[in-house]
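Have a look at the structure below before the remarks.
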Amino acid sequence: MRIDLGGEEVVLLPAGGALLPGHRALLVADLHLGKGAAFRAAGRAVPAGTSGETLERLSALLRAAPRDTDLWILGDLFHSPSGVTPELAGRWRGWREENPSTALHLVHGNHDRTLLDVAREWGCQVLAPPTRLGSLTLRHIPRERFDAGLADPGVAGHLHPVVRLREGRRSGFRLPCFWLRGPDLVLPALGAFVDGARLRAERDDRVFVPAGDQVLEVPPAQLPSSSRTG
Amino acid sequence: MKDGRPRRDGPRHEPTARVEAWFASRGWAPFEYQRTVWAAHDDGDSGLIHVATGMGKTLAAAGGPVIQALTAGGADPQPPSASRTPGPGAGKGGVKLLWVTPLRALARDTVQSLQAFLVGVGLGWTVELRTGDVSSSVKGRQRRSPPDVLVTTPESLSLLLSYPEKGRTFGGLETVVVDEWHELLGGKRGTQTELGLSHLRAMRPDLRVWGLSATLGNLDQALKVLLGPEGGGRLVAGPPGGEVVVETLVPDTVIRFPWSGHLGLRLLPQVLEELERGGTSLLFTNTRAQAELWHQALLDARPQWSEVVALHHGSISAEARKSAEQGLSDGTLRCVVCTSSLDLGVDFQPVDRVLQVGSPKGVGRLLQRAGRSGHRPGAKRRVVCVPTHALELLEFAAARAAVEEGEVEPREAPTGPLDVLAQHVVTLALAGGISAEAVYQEARSTWSFRGLSREAWGWVLDFVVRGGPALQAYPRYRRLVMEDDDRLVPAGPAVTRSHRQAVGTIADEGTLSVRFLKGRRLGSVEEAFLSRLRPGDRFLFSGRVLELVRVKDMVAYVRRATRSGRTTVPRWAGGRLPLSSHLARWVAAGLAGDPRIQGPELDALEPLLDLQRRWSRLPGPERLVVEVARSREGHHAFLFTFLGRLAHEGLGALLAWRLSQIEPRTVGVALNDYGIELLSPDPFPEEASAWRSLLDPAGLEEDLPACLNAAEMARRRFRQIARVSGLVHPGPPGRSRSTKNLQASSGLLYDVLARYDPDNLLVDQAHREVLERELEATRLRDGLGALAQRELTVTHPPRFTPLAFPIWAERLQSQVSSESWLQRVQRMAESLEAAAGNPEAATGNPGAAAGKLRASATSVRGGEVGPDAD
């Protein structure tokens, strides 16, 4: 699915990233690496494997992207300091060896705040939000809908949007989604151990969901809106 | 017991005489069962007392320990005074009598009645409360210098067992009383209590444990759950609580095509008439939403009653509840509209009359509610039933017959929930470490874990020590540490702190607190409801029409609504109780004309039953009726199986699945407590033999998980398990920085566990709980066995019959929004009514009306976000 954002072409990928072909940039958000370990350290028995899965997803996105694509992480690369274990560092090194030439940019998010040095150590260029890429601004926390005119479009993360699509009334399923909300395109969370937050669409919002190997736009009538219904 | 102790039953036994004198001073005489309990306690026995509310159960249970203490010389030399200064012997040797009660509100009342009793007989024991409401400084003092009598909840008992001082607290414990055991028994709080008791017994092998219970269908089992399978114990029955009279407000006209949804407000004038007869009334409803609506309706009809009609349910603030309870005690209120929140024995004066809106769904519940009136021995307990649905007339008549026959439902204890055991192990380990083997032996002595295998126990130990069985699957897990192969200790102070905050098994439903802008708290509503409202929307809550101003940090700020407009009522989860199998059997018998079930209710229902007979057959305990019909919606099959809503959910899915195994087809399912509707574009079998094989109990165990979205149900079920086992923390999100990073939904955790540790026994437990607790697989299995014995008749009614119609309406409700549902059901009912009154029209196609209605409904389908069914 290709959309136009302030004159920039943006390709929404079913695996949860957005490609800016004009800038050779792959945008992802909310990896929350080490979240499982942080839980275990606090006595919550969450099995290992989720961070590995997250890095797997990242590799798959890069494999599908054109060569020499830069990776832009729009915040929350990490979850918390207690999750940054030697095991995670080892796994990251392994991932880095698979993708040695990819340039990494981290527009830091609220969870990264105390871990910026680790991110640098791990090879990321750490940038404070908002950061400009072409005509787009990149940030972690999206702006409120009317903070900026549509003339200043951007891409963000933080919200972990999911949309609940209903079939009739009983069943329904939740899908992580891209959410075009006011000036910002909000990316779905890439992390494998991350809760989604159900979005409530307003007029003029647009929502895109992965459907197999493509991305489809959800018809506005299907969207759970924040206006009163039934 | 020592030899040479004074004989308590001799006429000169002074302590017993003192107790009897205190009874006499109040104008009472001890009941025979109270004397029996006192003597049994004196003999060192434990047991279970089952007695109706208001028959002196507190004194029955407290008398034994008090007489023992008086015998041992703990009495004040001086005549009793009301002074609260501890008398001689107080505060030494720790808690002597521990009183466990399910409700904090109950705990306060118990402290007061015990104090009055102790002062009255001149025993200088101190009585203190230990619940979540007590300040931490008081809790600390209680650990250093425990009172003689401690009144607490199962959760607080667990907490007490997590402190190193537990030896001082309970080292001198003689007796434990578990109040309202029937309430605890059926759930995980009961399991938690069992485990707590097993540890106390290990500390004090001669400990006596007495349970207090309402009447249950399985008292022998209730006794075993309380005392352990090898615990012996005595079952003591109190006096019968006086005759229960079940009456019904029978509407002037009974509609032949009944459907639920209008909440019975049609009978408001008759209810007002009842209330106007003076005195105090309790109006019980089955859901909190219904309580809010009735409260509002009463005030709309009688604005002058605003000071004397109160509301009481589990979501309004404790302050508002307390004030309603106080009003009941003072007799200053005319009526309290309430839910099961007043089922429990919160002590107040018996009321003059009890009204029950809607089916009580069980005989035990109706008896308990009836017991709120006329507490004098021998006095009649009257309950006036208000039907919200024509078929409830039958349920009331059936309940009356069951009451007369003395049949009450059993309550089953959960079997071996490992989440509760895991929590218990950590709790005990916090108190300076614990031997794993000792905990295993203690657990095995309980009813719930009597069959706990070494393998399952090994898994629990792995779970609390390593996170899971595979060592490398849970690196750097920190909760408990195992020393010397047996000793469990906490991995650090953070574990201790966070576990103590999380002790308990009550699932947090994700609620937001509701407050006025000025700050006063009104109660709590479910997040799911509030998330559908926008600022400016109005809703009925805590007896007021409120306007939502904003939601911030898990608080919904509201103001009194000034402008008029549409008002919604919050919907709370868990409102739909299934009809108990006992009552369902009586209802089926009533339909079949069992002479024990009769009364004005059945007379009023006669036109409905007559039509059912004319168009089809009446089902009953001997006959299973399958109605096969066709409409423009497709082919319908209605089965009247009378197994209750939950079992029908499993049965409906099973039938749909088995039908689609024979040949691929789509089958929709709808259900109520009485039966199931199957809907399909293809015709259903018409031979009885085909239905017989579809209903075959053989293969149920394999078919049931295959035909349900068991994974999705287990995922939902996991919420409580994750909470109890310590995977998620119960605190409100965002309360502190340190826990904010540890928030994850139980659904996400379920997914992660199912994927990365598929053999996790907690995942397995979620599946078992779905089968047993949500789908009532046992009931379904037994039910199918019983159905196989019934004669099976397939009929072809010309239109939806009076028994089929409500199920059809139920399905419709699950598909469309409430407004269009009301219109459509009303129109359908009118058209069927016309057909029933006009036999010629009845030969037409039953779907004629439905077909038309369906066309009008398509416009509201797409993207509909309707309210969830309550």
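Taken in sequence, the protein lines are chains A and B. At position 113 of the first sequence (counting the first as 1) the number is 113 in the working numbering, and the numbers step up by one without a gap. At position 75 of the second sequence (counting the first as 1) the number is 305 in the working numbering, and the numbers step up by one without a gap. We put the beta carbon where it would ideally sit given N, CA and C, even for glycine. What you are looking at is a predicted structure, and each value in this text was computed from that prediction instead of being measured.
Minimum C-alpha distance to residue i - residue among the options
i          : options                                         : result
B:Ser-603  : B:Thr-1008, B:Thr-283, B:Ala-1016 and B:Gly-681 : B:Thr-283
B:Gln-856  : B:Ser-919, B:Ile-892, B:Arg-875 and B:Trp-677   : Gln is not the amino acid found at residue 856 of chain B; the sequence shown has Val there. Out of B:Ser-919, B:Ile-892, B:Arg-875 and B:Trp-677, B:Ser-919 has the C-alpha closest to the C-alpha of B:Val-856.
B:Pro-705  : A:Pro-47, A:Leu-55, A:Thr-131 and A:Arg-120     : A:Pro-47
B:Ile-198  : B:Leu-710, B:Pro-699, B:Glu-506 and B:Asn-448   : No information on residue 198 of chain B is available, as it lies outside the stretch 231 to 1100 that chain B covers here.
B:Asp-1012 : B:Asp-926, B:Arg-583 and B:Glu-635              : B:Asp-926
A:Ala-119  : A:Leu-33, A:Gly-16, A:Arg-203 and A:Leu-185     : A:Leu-33
B:Glu-916  : B:Ala-867, B:His-543 and B:Ser-589              : B:Ala-867
A:Leu-165  : A:Arg-181, A:His-140, A:Ala-211 and A:Leu-106   : A:Ala-211
A:Arg-206  : A:Ser-80, A:Pro-14 and A:Cys-177                : A:Cys-177
B:Ala-818  : B:Leu-1017, B:Arg-551 and B:Glu-537             : B:Leu-1017
B:Leu-885  : B:Ile-906, B:His-865 and B:Arg-875              : B:Ile-906
A:Ser-59   : A:Gly-43, A:Asp-117, A:Ala-42 and A:Gly-94      : A:Gly-94
B:Pro-851  : B:Pro-837, B:Glu-1021, B:Pro-699 and B:Gly-977  : B:Glu-1021
B:Thr-517  : B:His-959, B:Arg-998, B:Pro-808 and B:Ser-955   : B:Pro-808
B:Ser-571  : B:Ala-791, B:Glu-555, B:Leu-839 and B:Ala-254   : B:Glu-555
Distance between residue j and residue i (C-alpha atoms, nearest Å)
i          : j          : result
B:Leu-908  : B:Ser-675  : 47 Å
B:Leu-648  : B:Leu-391  : 19 Å
B:Glu-395  : A:Val-84   : 38 Å
B:Trp-440  : B:Gln-298  : 15 Å
A:His-108  : A:Leu-31   : 12 Å
A:Leu-199  : A:Pro-161  : 6 Å
B:His-429  : B:Thr-246  : 31 Å
B:Arg-965  : B:Ala-974  : For B:Arg-965, the pLDDT reaches just 47, beneath the cut-off of 50, and the residue's location in the model is therefore unreliable, leaving the point undetermined.
B:Leu-924  : A:Glu-202  : 48 Å
A:Gly-17   : A:Ala-37   : 25 Å
B:Leu-523  : B:Leu-1033 : 27 Å
B:Ser-683  : B:Gln-671  : 11 Å
A:Gly-271  : A:Leu-88   : Because chain A spans 1 through 230 in this model, residue 271 of chain A falls outside it and cannot be assessed.
B:Ala-941  : B:Phe-948  : 10 Å
B:Arg-419  : B:Asn-448  : 18 Å
B:Glu-473  : B:Val-633  : 9 Å
A:Thr-54   : A:Ser-80   : 16 Å
A:Gly-268  : A:Leu-133  : A query on residue 268 of chain A cannot be resolved here, the shown segment of chain A reaching from 1 to 230 and no further.
B:Pro-1076 : B:Ala-1039 : Any answer about B:Pro-1076 is weak, because its pLDDT of 38 lies below 50 and its placement is not dependable; what the coordinates show is given next. About 14 Å.
Check: residue i C-beta below 6 Å from any heavy atom of the ligand MG
i         : result
B:Leu-884 : Absence of the ligand MG is noted for the structure shown, with no ligands found whatsoever.
Point to revise | Three-pair Cβ contact test at 8 Å for the segment 463-476 of chain B versus the segment 260-279 of chain B | key: yes
### Query
Are the segment 67-86 of chain A and the segment 150-157 of chain A in contact at 8 Å, needing three or more beta carbon pairs?
yes
query = Just by C-beta distance, which residues in the segment 74-103 of chain A are closer than 7 Å to chain B?
reply = His-79, Ser-80, Thr-85 and Glu-87
* To do: Quick one: which unbroken beta strand (DSSP E) runs of 3-plus residues sit fully inside the segment 548-590 of chain B? Chain order, please.
  => 565-568 and 583-587
Can you give, in chain order, each stretch of the alpha helix (DSSP H) that sits fully within the segment 710-791 of chain B and has at least 4 residues? 723-732 and 757-760
Q) For the segment 722-742 of chain B, which residues have a CB atom closer than 8 Å to at least one CB atom of chain A, in sequence order? A) Ala-724, Val-725, Ser-728 and His-729
Contact residues within the segment 674-707 of chain B, judged by C-beta distance below 9 Å to chain A:
Phe-693, Val-694, Arg-696, Gly-697, Gly-698, Ala-700, Gln-702, Ala-703, Tyr-704, Pro-705, Arg-706 and Tyr-707
> Which whole runs of the beta strand (DSSP E) in the segment 974-1040 of chain B are 3 residues long or more, in chain order?
Replying inline: 1021-1025
Exercise. Is there contact here, the segment 351-362 of chain B with the segment 404-417 of chain B, by at least three beta-carbon pairs under 8 Å?
Worked result: no
- Segments assigned alpha helix (DSSP H), at least 4 residues, entirely inside the segment 440-477 of chain B: 449-457
Evaluate contact between the segment 723-739 of chain B and the segment 651-659 of chain B, counting only Cβ atoms and requiring at least three cross-stretch pairs below 8 Å. yes
Inside the segment 866-906 of chain B only - beta strand (DSSP E) runs reaching at least 3 residues
898-901
**Q.** Residue ranges of each beta strand (DSSP E) within the segment 155-190 of chain A, 3 or longer
**A.** 161-167, 171-176, 178-181 and 184-186
*Give a yes or no on contact between the segment 882-899 of chain B and the segment 1055-1066 of chain B, applying the rule of three or more CB pairs nearer than 8 Å.*
no
Exercise. Could you tell me which uninterrupted alpha helix (DSSP H) segments, each at least 4 residues in length, are contained entirely in the segment 612-694 of chain B, listed from first to last along the chain?
Key: 620-635, 648-660 and 666-674
Check your understanding: Listed from N- to C-terminal order along the chain, which residues in the segment 195-207 of chain A have their beta-carbon within a distance smaller than 9 Å of any beta-carbon of chain B?
Key -> Asp-195, Gly-196, Arg-198 and Arg-200
Runs of beta strand (DSSP E) wholly within the segment 480-548 of chain B (minimum 3 residues, chain order): 511-514 and 539-542
Point to revise | Within 7 Å of chain C by C-beta, residues of the segment 981-994 of chain B in sequence order | key: Included in the structure are the protein chains A and B, with no chain C among them.
request  = Would you mind listing the beta strand (DSSP E) stretches within the segment 254-296 of chain B that are 3+ residues and don't spill past its ends, in chain order?
outcome  = 277-280
Pair every Cβ in the segment 592-600 of chain B with every Cβ in the segment 522-539 of chain B, then say whether three or more of these pairs are closer than 8 Å.
-> no
### Message
At 3 residues or longer, what runs of the beta strand (DSSP E) sit wholly inside the segment 356-413 of chain B?
### Response
357-360, 379-382 and 405-408
Where the segment 22-48 of chain A meets chain B: residues whose CB sits under 7 Å from a CB there: Ala-37, Ala-38, Phe-39, Arg-40, Ala-41, Ala-42, Gly-43, Arg-44, Ala-45, Val-46, Pro-47 and Ala-48
In chain order, what are the residue ranges of uninterrupted beta strand (DSSP E) at least 3 long that sit wholly in the segment 50-126 of chain A?
70-73 and 104-107
Residues in the segment 130-160 of chain A having any Cβ partner in chain B nearer than 8 Å: none
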